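Participant: Residue numbers (our numbering): 5 to 531.
1) Using the Cβ count rule (16 or more neighbours within 10 Å means buried), how would you classify residue 162?
2) Would you check if the distance between the CB atom of residue 347 and the CB atom of residue 222 is smaller than 8 angstroms?
3) Residue range of the alpha helix (DSSP H) that residue 395 falls in?
4) Specify the secondary structure class of residue 208 as computed by DSSP and reduced to three states.
5) Could you give the C-beta distance for residue 271 and residue 521, rounded to a whole number, given that I count them as a contact under 8 angstroms?
6) Return the CA-CA distance between residue 199 and residue 357, expressed in angstroms with no decimal places.
7) Measuring alpha carbon to alpha carbon, tell me which of 518, 281, 279, 342 ends up nearest residue 310.
8) Taking the alpha-carbon positions, what's the residue 418 to residue 395 distance?
9) Could you check how far apart the C-beta atoms of residue 350 and residue 340 are, in whole angstroms? I think they sit under 8 angstroms.
10) Taking 7 angstroms as the line, does the beta carbon of residue 528 fall inside it for any heavy atom of the ligand ATP?
11) By a C-beta neighbour count over all protein chains shown, 10 Å radius and 16 as the cutoff for buried, is residue 237 buried or exposed?
12) Considering only their Cβ atoms, is the gap separating residue 493 from residue 526 smaller than 8 angstroms?
13) Alpha carbon to alpha carbon, how far is residue 299 from residue 404? Give it in angstroms, no decimals.
14) Since residue 278 and residue 284 should fall inside the 8 angstroms C-beta cutoff, what is the C-beta to C-beta distance between them, to a whole number of angstroms?
15) In this structure, does DSSP put residue 315 in helix, strand or coil?
16) Given a cut-off of 8 angstroms, decide if residue 499 and residue 460 are closer than it, judged by their beta-carbon atoms.
17) Out of 397, 402, 308, 317, point me to the one whose CA is closest to residue 388's CA.
18) Spell out a yes or no on whether the segment 371-391 and the segment 423-442 are touching, meaning 3 or more CB-CB pairs, one atom from each, closer than 8 angstroms.
19) Whole angstroms is fine: what's the gap from residue 268's alpha carbon to residue 302's?
20) What's the gap between the Cα of residue 479 and the Cα of residue 501?
21) Taking residue 402 and residue 326 to be in contact with their CB atoms under 8 angstroms, please state how far apart those CB atoms are, rounded to whole angstroms.
22) Roughly how many angstroms lie between the CA atoms of residue 448 and residue 229, to the nearest whole one?
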């Protein structure tokens, strides 16, 4: 098969020939039909002859260079070759006839030129040749379009190949960096007079076992006892709820930004907000753990490695659970646990202490923002990586020296870096509305009425005790479910508490009016 650029160049040559030939025969037809033998196009037939000769030679050269004798070409290339050969044949015929137009200068020049054209090309011949040129033109337009498409596909394939090669090269550089670091550590250890310090055998060569031990100690230092406590406490989404988040917004719903499009696109921040108890944390846990999330992120990540991590702020937890230090330690622990080979690059000082230290030493480093923030940026900036973060509960962030505006600014600045996107959740406080106004968002309590109705149906309406009560009082039974959904106002936590109370009522053999009293007596404000 011809190279896309070669086919495109050859097609361009044929287009030039056909266009020029059409002009010649249009002029010939005009001249043969005219009464006085004049023409607006033909001023000098020798100029035309020379131009056509140049076109013919260019076409013949292109065919000889692009098509190798004895090589079998595909259907599209073979058709292009036949088209070129047809144009060559026509050019030779035209050149022979134009040579006959050579006449002497004189008074009868116009009449002689007109008579020569009529002699060489009859009206029938002109029509036939014009039709042939029109056919060539249509065929060539098709070949040009095909060449464009093939050329575009080839460019896209080369771009993807270069990107992949870039990522592979980076991995090679990382591995070489690790080996170089080990050699340097060994050299530093042995600098100085012989016997001035005890030799450390772990720096003499790169031991896989010692490397793993150093990596494990650094990861343990990043980890803290409550690192996953909040995530584990967040309840899982009820069956078949929150599925709408991966669909296009319905026109009937209140406006919200398409989350599926955000995952697929290069947009950086998505703000998921809602009032207390609306289910923000449950939805964030659902998104972080769902396979659809990673599937929809693939168009954004492309051929590069994709890393998805999460952190859940919690104001009732430990200092790490509500601080930026805790967030960065948790994120680095999660990311580096999956990519241990990057530890020596992301945390070079800690790696040097651990790998070069004695086996009895215990690393006891106090993590600070001054060390964690550069480390996170180093990991983020590694070529060949794409990172998507899910950070829940910005309103539960607490720091004596910083405000909620500071944490919001931190994430806006972080999202401005290449290769990262962040889904954030919080209550709709003014400080967050101001910070995240330019970004796509949704208000959760506006979108969960169907989820709440399903939860109530599965937990209450489908309960055996409720089925018995419905047989005696179907009207109040229907009212009970609709009242729960209406009073909930999108607050899932309120619904779960009410349902728990109703289940206790079922155990106590409450009657229908007792169950309604439970619902109506339950406070709606959970703040």
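Backbone N, C-alpha and C define an ideal beta-carbon position, used for all residues, glycine too.
These numbers were taken from a predicted model, which means no experiment stands behind them.
Facilitator: With the structure as the only source:
1) exposed
2) yes
3) Run containing residue 395: none in the alpha helix (DSSP H); it sits in the beta strand (DSSP E), 389-396.
4) Interpretation of residue 208 is limited by its pLDDT of 44, a score under 50 that renders its predicted location unreliable; the figure taken from the coordinates is listed afterwards. Residue state, collapsed to three classes: coil.
5) With 8 angstroms as the limit, residue 271 and residue 521 do not qualify as a contact, their Cβ atoms being about 48 angstroms apart.
6) Its pLDDT being 44, under 50, residue 199 is placed unreliably by the model, and nothing is read from it.
7) 342
8) 13 angstroms
9) 7 angstroms
10) For the ligand ATP, the structure offers nothing, since it holds no ligand at all.
11) exposed
12) no
13) 40 angstroms
14) 5 angstroms
15) strand
16) yes
17) 308
18) yes
19) 7 angstroms
20) 23 angstroms
21) 4 angstroms
22) 31 angstroms
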